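Trainee:
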Amino acid sequence: MLQINSHNKLMSMSREIRKNKVLFLMLLPTVVYFIIFHYIPMPGAYVAFVDYNVNKGIFGSKFVGLKNFQFLVQNGDLWRITRNTLLYNFVFLVLGNIVQIAFAVMLSEIGSKWFKKITQSIILLPHFISMVIVGVFAYNLFNYDYGFANMVLTSLGFERYEFYSDPYIWKYIIVFFKIWSSTGYNMIVYLSVITGINPEIYESAYIDGANSWKKIRYITLPMLKPTFVLLFLFGLGGMLRGSFELFYNLIGNNSVLFPQTDIIDTYVFRSLVGTFNFSMGAAVGFYQSVFGFILVLTVNAIVRKIEPEYALF
Amino acid sequence: MFYKTKNNVIRQGLSDNLLKIICYTSVGLFALICLFPFALMITSSFMSEKEIVTEGYKLFPKKFTVSAYKFLLSNPQKLVNAYKITIFNTVVGTTVGLFLMSMAGYVLNRKDFKYRNFFAFFIYFTTLFSGGLIPRYILMVKYLGLKDNILAMILPNVISAWYIFLMRNFMKSIPDSLYESATIDGAGVFRIYWQIVLPLSIPALATVGLFLALGFWNEWYNAMLYIESPSKFPLQYFLQKTINQTNVQILINQGVMIDISELPTQSIKMATAVVATGPIIFLYPFVQRYFIKGLTIGAIKG
Numbered sequence: 034m035l036q037i038n039s040h041n042k043l044m045s046m047s048r049e050i051r052k053n054k055v056l057f058l059m060l061l062p063t064v065v066y067f068i069i070f071h072y073i074p075m076p077g078a079y080v081a082f083v084d085y086n087v088n089k090g091i092f093g094s095k096f097v098g099l100k101n102f103q104f105l106v107q108n109g110d111l112w113r114i115t116r117n118t119l120l121y122n123f124v125f126l127v128l129g130n131i132v133q134i135a136f137a138v139m140l141s142e143i144g145s146k147w148f149k150k151i152t153q154s155i156i157l158l159p160h161f162i163s164m165v166i167v168g169v170f171a172y173n174l175f176n177y178d179y180g181f182a183n184m185v186l187t188s189l190g191f192e193r194y195e196f197y198s199d200p201y202i203w204k205y206i207i208v209f210f211k212i213w214s215s216t217g218y219n220m221i222v223y224l225s226v227i228t229g230i231n232p233e234i235y236e237s238a239y240i241d242g243a244n245s246w247k248k249i250r251y252i253t254l255p256m257l258k259p260t261f262v263l264l265f266l267f268g269l270g271g272m273l274r275g276s277f278e279l280f281y282n283l284i285g286n287n288s289v290l291f292p293q294t295d296i297i298d299t300y301v302f303r304s305l306v307g308t309f310n311f312s313m314g315a316a317v318g319f320y321q322s323v324f325g326f327i328l329v330l331t332v333n334a335i336v337r338k339i340e341p342e343y344a345l346f
Numbered sequence: 138m139f140y141k142t143k144n145n146v147i148r149q150g151l152s153d154n155l156l157k158i159i160c161y162t163s164v165g166l167f168a169l170i171c172l173f174p175f176a177l178m179i180t181s182s183f184m185s186e187k188e189i190v191t192e193g194y195k196l197f198p199k200k201f202t203v204s205a206y207k208f209l210l211s212n213p214q215k216l217v218n219a220y221k222i223t224i225f226n227t228v229v230g231t232t233v234g235l236f237l238m239s240m241a242g243y244v245l246n247r248k249d250f251k252y253r254n255f256f257a258f259f260i261y262f263t264t265l266f267s268g269g270l271i272p273r274y275i276l277m278v279k280y281l282g283l284k285d286n287i288l289a290m291i292l293p294n295v296i297s298a299w300y301i302f303l304m305r306n307f308m309k310s311i312p313d314s315l316y317e318s319a320t321i322d323g324a325g326v327f328r329i330y331w332q333i334v335l336p337l338s339i340p341a342l343a344t345v346g347l348f349l350a351l352g353f354w355n356e357w358y359n360a361m362l363y364i365e366s367p368s369k370f371p372l373q374y375f376l377q378k379t380i381n382q383t384n385v386q387i388l389i390n391q392g393v394m395i396d397i398s399e400l401p402t403q404s405i406k407m408a409t410a411v412v413a414t415g416p417i418i419f420l421y422p423f424v425q426r427y428f429i430k431g432l433t434i435g436a437i438k439g
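The listed protein sequences correspond, in order, to chains F and V. The opening residue of the first sequence carries number 34 in the numbering used here; numbering runs sequentially from there. The opening residue of the second sequence carries number 138 in the numbering used here; numbering runs sequentially from there.
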């Protein structure tokens, strides 16, 4: 019975392919692409369970079970980078959304068209440049010998400050540049929600004597809530993924700053190009993928319960 | 609900004005903060080496000089080469990516394509789970042999699940009756895509094309992972190397040997950054409209 069933399925599949030959051909490059670049590396995560030897390849290397993970837990690396990744992402998410909503609301209150257009464009501008340039900006501002910040400090009569050897101050610098570069993008998403609000609601509130503060408090913010919840929840789903490009360009290989600035992605990267410990890096990467996957599924299940039409799948 | 007294209206007006003032100043201030690093980078690139060494980077230098740019222009081989690589990656990557992803979006949107949901999930799943950086690196280097190959900077970014869904979602707005009447007129599946769907999808193509082009223009990550020969460095990676180098290395990197003390090494770093960002800042006013439109097309849901 089962055999006949699968035989039938194959038959109908091949009939389908013959019928829609061109459609299959048009999709083929994309399917092949995803197989090669996304599906084939998945079983490659097995490298996390071996002692990787370049000559023997992934499946020829010696199987060591959970030894790589054990090592990472014991030396404290895993805990440190997990904590840093989660904390940074949480601050990015909470502070980021507050700033984005605040500026979307404030922009919507601005009457002058040209002022609104120009400021909106400027606030979005940082989104367009590469993180390498952001690294240049940091160098330009915080360099010990020539940096702008030190020039301001010395002209005010203070000592020069060695920013690049103080891990604590980089927490704030990283958060600053993250907010700086990412505000414009979601601000526009929020702004488009505000522009979509029916103006009659505001008019009737005005007639009822509500001032602009009240209109924001009782109309605009409640209207933004669904978008906020959606963006926030899916931000939570990506909590284990780091902003590698930002961290790498600000911190680079400055190991003095690592205690406060090392995240999962920078750790995996260094295991690849610095220490060449592929198995250790893959172990961290596997841990990140699995827990990241569980996180997304959990968040999606929650969204499905609260607001089914917002669920991603 | 409320009875509107004269007093009330005045109070309403006062607090509204206060809000207006707060909004204008905070938005204006934040815009200045966004602009500041750009301004500092540009003015720094016009500073004389002497002023930088003695007084540091400034927003308002005492003296403007173009010596850093003169230097860049007098030894342009490496920079021009990096520009060529970046332009090549951007043009090829964007064109190929747009073609393949618009086709995929079109197929996934065809109601007569029985397996469209299966393939949509097949593509979507890759955004949820990945093998990670190390397995992909091993695949690229050991099994595909792409180390130090220009394709290593294009292939990893040429197709993205999100853009395929953005395309498909946009194409959903094209009425089915157009397909039907075209089919009756004898047009094949590919011809409908090429002659009907593509021209109608120009807004989506413009948006995705812009996203893609921006990604390829700003790409340095894959270059850092896979590219070894300096002749294949793209612009951003070239810039990153320049910033992290000491003065002497910069000279070697730029391909010259002259008296070091004469050289505007600190302003060269900033001038290189200006030259690498220039085209984006120049094109920005023209393209940001499409970008904003694209954000509202379907950025939230895949």
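Ideal Cβ positions, reconstructed from N, Cα and C, are used throughout, including at glycine. For clarity, every value in this text was computed on a predicted model and none was experimentally measured.
1. Taking 9 Å as the cut-off, decide whether the C-beta atoms of G431(V) and F327(V) are in contact.
2. If the cut is a Cβ gap below 7 Å, which residues of chain F does V164(V) touch?
3. Starting from G129(F) and walking both ways along the alpha helix (DSSP H), at which residues does that stretch end?
4. Any idea what DSSP makes of F259(V), helix, strand or coil?
5. Ignore the nearest five residues each way along the sequence and tell me which others in L372(V)'s own chain have a CB closer than 7 Å to its CB.
6. Is there a Cβ from chain F that is less than 9 Å from the Cβ of S152(V)?
7. By the criterion of Cβ-Cβ separation under 8 Å, what are the contact partners of M407(V) in chain F?
8. For K204(F), name the three-state secondary structure that DSSP assigns.
9. Could you work out which residues of chain F lie near K309(V), taking near to mean beta carbons separated by less than 9 Å?
10. Where G109(F) and F170(F) are concerned, what is the direct C-alpha to C-alpha distance, given to the nearest angstrom?
11. Cβ closer than 8 Å: which chain V residues qualify as neighbours of E49(F)?
12. Quick check on the DSSP output: what are the complete alpha helix (DSSP H) runs of length 4 or more inside the segment 248-300 of chain V, in order along the chain?
13. Less than 7 Å between C-beta atoms, sequence neighbours within five positions excluded: which residues of the same chain meet that for I260(V)?
14. Unbroken alpha helix (DSSP H) runs of length 4 or more, entirely within the segment 301-350 of chain V: which are they?
15. Kindly indicate which three-state DSSP category F128(V) falls into: helix, strand or coil?
16. Shorter than 9 Å from the beta carbon of E365(V) to some beta carbon of chain F?
17. Closer than 8 Å between beta carbons: that is the criterion. Which residues of the segment 170-200 of chain V meet it against chain F?
18. Please classify A334(F) as buried or exposed, where buried requires at least 16 other C-beta atoms within 10 Å of its C-beta.
19. Would M34(F) pass as an interface residue toward chain V - the criterion being a Cβ-Cβ separation below 9 Å?
20. Let me check understanding here. Comparing Cα to Cα, which of I291(V), R305(V) and L270(V) lies closest to I6(F)?
21. List in chain order: all unbroken beta strand (DSSP E) runs of 3+ residues lying wholly within the segment 306-338 of chain F.
22. What's the C-alpha gap between F291(F) and S163(V)?
23. Whole angstroms is fine: what's the gap from I333(V)'s alpha carbon to L362(V)'s?
24. Output, in sequence order along the chain, the residues in the segment 309-329 of chain V whose CB is closer than 7 Å to any CB in chain F.
25. Is W112(F) buried or exposed, if buried means 16 or more other CB atoms sit within 10 Å of its CB?
26. Going by beta carbon distance, what residues of the same chain come within less than 8 Å of D153(V), once the five residues before and after it are set aside?
27. Select from G268(F), K42(F), D298(F) and G77(F) the residue whose C-alpha is nearest the C-alpha of L379(F).
28. Using the C-alpha atoms, what's the distance from R116(F) back to I227(F)?
29. Using 10 angstroms around the beta-carbon of E365(V), count the other beta-carbons present and answer buried if the total reaches 16, otherwise exposed.
30. Buried or exposed: which applies to K438(V), given that a residue is buried once 16 or more other Cβ atoms fall within 10 Å of its Cβ?
31. Roughly how many whole angstroms lie between the Cα atoms of A137(F) and L224(F)?
32. Figure out for me which residue from W203(F), K95(F), S141(F) and I162(F) has the closest Cα to the Cα of S215(F).
33. Among A78(F), P200(F), N53(F) and F210(F), whose alpha-carbon lies nearest the alpha-carbon of C100(V)?
34. Quick one: does D298(F) have its CB under 9 Å from some CB of chain V?
35. Give the interface partners of I3(F) over in chain V, defined as CB-CB distance under 8 Å, in chain order.
36. Going by beta-carbon coordinates alone, are N101(F) and G93(F) separated by less than 9 Å?
Mentor: Looking at the atomic coordinates:
1. Start at 1 with the first residue of the second sequence, and residue 431(V) comes out as number 294. Start at 1 with the first residue of the second sequence, and residue 327(V) comes out as number 190. No. Outside cutoff.
2. Along the second sequence, read from residue 1 onward, the residue named residue 164(V) stands at position 27. In chain order: F136, M139, L140, I143 and T152.
3. As a first step, residue 129(F) must be located in the first sequence, where it is residue number 96. From DSSP, the alpha helix (DSSP H) with G129(F) extends over D110 to E142.
4. By one-based count along the second sequence, residue 259(V) stands at place 122. Of the three classes helix, strand and coil, the one that applies to F259(V) here is helix, per DSSP.
5. By 1-based counting over the second sequence, the position of residue 372(V) is 235. Same-chain partners within the cutoff: A219, Y220, T223 and A413.
6. Reading the second sequence from its first residue, position 15 is the one you call residue 152(V). The C-beta of S152(V) comes closer than 9 Å to at least one C-beta of chain F.
7. In the second sequence, the residue the question calls residue 407(V) occupies position 270. Within chain F, the residues near M407(V) are V169 and N173.
8. Residue 204(F) sits at position 171 when you count from the first residue of the first sequence. Looking at K204(F) - three-state DSSP - the assignment turns out to be helix.
9. Here residue 309(V) refers to the residue found at position 172 of the second sequence. Result: empty, since nearest Cβ-Cβ is about 16 Å, beyond 9 Å.
10. Along the first sequence, read from residue 1 onward, the residue named residue 109(F) stands at position 76. Along the first sequence, read from residue 1 onward, the residue named residue 170(F) stands at position 137. Answer to the nearest angstrom: the Cα atoms are 33 Å apart.
11. Taking the first sequence and counting its residues from 1, the one referred to as residue 49(F) is at position 16. Within chain V, the residues near E49(F) are K251 and Y252.
12. 253-265, 270-275 and 288-295
13. Indexing the second sequence from 1 puts residue 260(V) at position 123. Within the same chain, I260(V) has close Cβ partners A298 and I301.
14. 313-321 and 326-329
15. Chain V is shown only over 138 to 439; residue 128(V) falls outside these bounds and no answer can be derived.
16. Locating residue 365(V) in the second sequence gives position 228, counting from the first residue. Output row for E365(V): interface = no.
17. I170, C171, L172, P174, F175, L177, M178, S181, I189, V190, E192, G193, Y194, K195 and L196
18. Counted from its first residue, the first sequence places residue 334(F) at position 301. By the neighbour-count rule (16 or more Cβ atoms within 10 Å), A334(F) is not buried but exposed.
19. Position 1 of the first sequence holds residue 34(F). Note on M34(F): pLDDT 46, under 50, position unreliable in the model; the coordinate value appears next. So no, M34(F) is outside the interface.
20. What the structure shows of chain F is the stretch from 34 to 346, and residue 6(F) is not part of that stretch, so it cannot be assessed.
21. none
22. Residue 291(F) sits at position 258 when you count from the first residue of the first sequence. Residue 163(V) sits at position 26 when you count from the first residue of the second sequence. Spanning the two alpha carbons is a distance of roughly 34 Å.
23. In the second sequence, residue 333(V) corresponds to position 196, counting from 1. In the second sequence, residue 362(V) corresponds to position 225, counting from 1. Answer to the nearest angstrom: the Cα atoms are 41 Å apart.
24. G325, V326 and F327
25. Stepping through the first sequence from its first residue, residue 112(F) is reached at position 79. Exposed.
26. Translated into the one-based positions of the second sequence, residue 153(V) becomes position 16. There are no such residues.
27. Residue coverage of chain F in this structure runs from 34 to 346, which leaves residue 379(F) outside it and unanswerable.
28. Position 194 of the first sequence holds residue 227(F). Position 83 of the first sequence holds residue 116(F). Each residue's Cα considered, the two are about 36 Å apart.
29. Numbered from its first residue, the second sequence carries residue 365(V) at position 228. E365(V) should be labelled exposed.
30. Start at 1 with the first residue of the second sequence, and residue 438(V) comes out as number 301. Annotation note: pLDDT 42 at K438(V) (below 50); position unreliable, coordinate value reported separately. Exposed, since its Cβ has fewer than 16 Cβ neighbours within 10 Å.
31. By 1-based counting over the first sequence, the position of residue 137(F) is 104. By 1-based counting over the first sequence, the position of residue 224(F) is 191. Taking the straight line from one Cα to the other gives about 5 Å.
32. Numbered from its first residue, the first sequence carries residue 215(F) at position 182. Nearest option by C-alpha distance: I162(F).
33. Chain V is shown from 138 up to 439; residue 100(V) falls before or after that span and cannot be answered.
34. The residue you call residue 298(F) lines up with position 265 of the first sequence. So, interface residue.
35. What the structure shows of chain F is the stretch from 34 to 346, and residue 3(F) is not part of that stretch, so it cannot be assessed.
36. As a working note, residue 101(F) is residue 68 in the first sequence. As a working note, residue 93(F) is residue 60 in the first sequence. Going by C-beta atoms, N101(F) is not nearer than 9 Å to G93(F).
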